[in-house]
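Colleague: Next up is a structure, given as structure tokens.
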Amino acid sequence: MGSLIRWVSNAVERVREFAYRPPESVPQASEPKIGLALGGGFARGIAHIGVLKVLEQERIPIHCLAGTSVGALIGAAYACGTPLVELERLAAATRFKDFGQWTLSWLGLASNFRLESFLARFCAVRRFEELKIPLAIAATDLQSGLPVYFTSGELGPALRASCAYPGLFLPVEHEGKFLVDGFVAAPVPVEALAALGANRTVAVYLTSTAPPGQLKNIADVIGRSFSILQQHAHQAWRARADVIIEPDVSGFAWDDFKRASELIAVGEAAARAALPRIRALLKRPAPLATTPEVRASR
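Residue numbers (the working numbering): 1387 to 1684.
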């Protein structure tokens, strides 16, 4: 009889333990972490500085950056801590000869080897690991046709690869791959931001249409041709971006460095127009963090 009572008592305790077990904790949405993706556009990319100015002025926190071509250059400069006022000064003084050198080759018209020393003028950092803000730089693998994202190792080769505009600059050979401008496979590298921890994404896209009457040389023809291709291509990156900022740079040529102040103003105007949508991102509950697979290179 005693053993039966003990069995019943134990059974009751097990039922009570099951019935009154505290609920498991429900996963909570993570804190807002904004990632900023900067597209390419040669001199038109100076508009990115205007976007960054507005985000700084409005105290919009940037958790990480990803960049293609000139977006990679400005992203690297900002991530290493270069003040925007210094970037404005440099943009106004920049010319093609600062990063490009004409050459004779079947693979391109110029070398962009000078980019490494150009970056060193305003950024003492040499490696991704030394940056103050996490950064991904996008390039394109000519063999596979897929984007390659650099997030570690030396900045110089990654930057040169990302800025190796096909037909104009020589491809960059790296670890057995021939790499060209990231815009070919990742015109605005939004997908790289999640891997860096972002759960909200802001993209800056620069149209690359040449102004009327501005087709003066082979670089203009190459640029315009790629622009037409992109207009007709499926731009999957748009679906990944929460907010897209599109500065109106259609009236600027690819080498309009002398119009830096105008380009910065255009970027500021576009960023201010997008501020309500960006602020809404900070208030909206963030989704649970998911990290897509991203092809990385060192």
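In this text, a Cβ means the ideal position worked out from N, Cα and C, and glycines have one as well.
(1) Can you name the residues that DSSP bridges to His1560?
(2) Identify, in the order they occur along the chain, each residue of the same chain with its Cβ nearer than 8 Å to the Cβ of Arg1407, setting aside the five sequence neighbours on each side.
(3) On the DSSP letters alone, give me the boundaries of the alpha helix (DSSP H) that Pro1382 sits inside.
(4) Pick helix, strand or coil for Pro1533, following the three-state DSSP scheme.
(5) Quick check: the Cα distance between Leu1667 and His1449, rounded to an integer number of angstroms?
(6) Could you give the uninterrupted runs of the alpha helix (DSSP H) lying entirely in the segment 1460 to 1520, keeping only those of 4 residues or more?
(7) Could you check where the alpha helix (DSSP H) with Ile1435 kicks off and where it finishes?
(8) Contact defined as beta carbons within less than 8 Å: I believe Leu1521 pairs with Leu1438. What is the distance between those atoms, to the nearest angstrom?
(9) Would Gly1457 be called buried (16 or more neighbouring beta carbons within 10 Å of its own) or exposed?
(10) In three-state terms, what does DSSP make of Val1590?
(11) Return the chain-ordered list of same chain residues with a C-beta closer than 7 Å to the C-beta of Ile1630, the five sequence neighbours on each side being excluded.
(12) Within 10 angstroms of its Cβ, does Trp1640 collect 16 or more other Cβ (buried), or is it exposed?
(13) With DSSP collapsed to three states, give me the class of Ala1572.
(14) Ordered along the chain, which non-local residues of its own chain (more than five positions away) have a Cβ less than 6 Å from that of His1618?
(15) From what residue to what residue does the alpha helix (DSSP H) around Ile1650 run?
(16) Spatial neighbours of Lys1419 within its chain, please: C-beta separation below 6 Å, excluding the five flanking residues on both sides.
(17) Any chance the segment 1512 to 1521 sits against the segment 1469 to 1477, with 3 or more Cβ pairs inside 8 Å?
(18) Could you tell me whether the Cβ atoms of Phe1643 and Phe1482 are closer together than 9 Å?
(19) Kindly indicate the opening and closing residues of the beta strand (DSSP E) around Val1451.
(20) If you check the beta carbons only, do Leu1494 and Gly1431 fall under 9 Å apart?
(21) If you drop the 5 nearest sequence neighbours on each side, which residues of the same chain put their C-beta closer than 7 Å to that of Ile1664?
(22) How far does the alpha helix (DSSP H) with Leu1579 in it reach, from first residue to last?
(23) For Arg1670 and Pro1662, what's the separation of their Cα atoms in angstroms?
(24) Please tell me whether Val1574 and Gly1421 are closer than 9 Å, where the distance is taken between their beta carbons.
(25) Which one or two residues does DSSP pair with Asp1349 in a beta bridge?
(26) Would you check if the distance between the CB atom of Ser1455 and the CB atom of Tyr1551 is smaller than 9 Å?
Modeller: Reading it off the structure:
(1) Lys1563
(2) Reliability of the predicted coordinates at Arg1407 is poor, the pLDDT of 38 falling under 50, and the value obtained from them is presented with this limitation in mind. The answer is none, since no qualifying residue turns up.
(3) No statement about residue 1382 is possible, as the shown extent of the chain runs from 1387 to 1684 and does not include it.
(4) strand
(5) 13 Å
(6) 1470 to 1479, 1501 to 1506
(7) 1433 to 1443
(8) That pair is no contact at about 13 Å.
(9) buried
(10) strand
(11) Ala1589, Tyr1591, Arg1624
(12) buried
(13) coil
(14) With a pLDDT of only 49 at His1618, under 50, the local geometry of the prediction cannot be trusted, and no value is derived from it.
(15) 1646 to 1669
(16) His1449, Gly1583, Ala1584, Asn1585
(17) no
(18) yes
(19) The sequence given here has Leu at residue 1451, not Val. Per DSSP, Leu1451 belongs to the beta strand (DSSP E) from 1450 to 1454.
(20) Just to set this straight, residue 1494 is Gly in the shown sequence, not Leu. For Gly1494 and Gly1431, no; Cβs fall outside 9 Å.
(21) Ile1446, Val1588, Val1629
(22) 1577 to 1581
(23) 12 Å
(24) no
(25) The chain is shown from 1387 up to 1684; residue 1349 falls before or after that span and cannot be answered.
(26) yes
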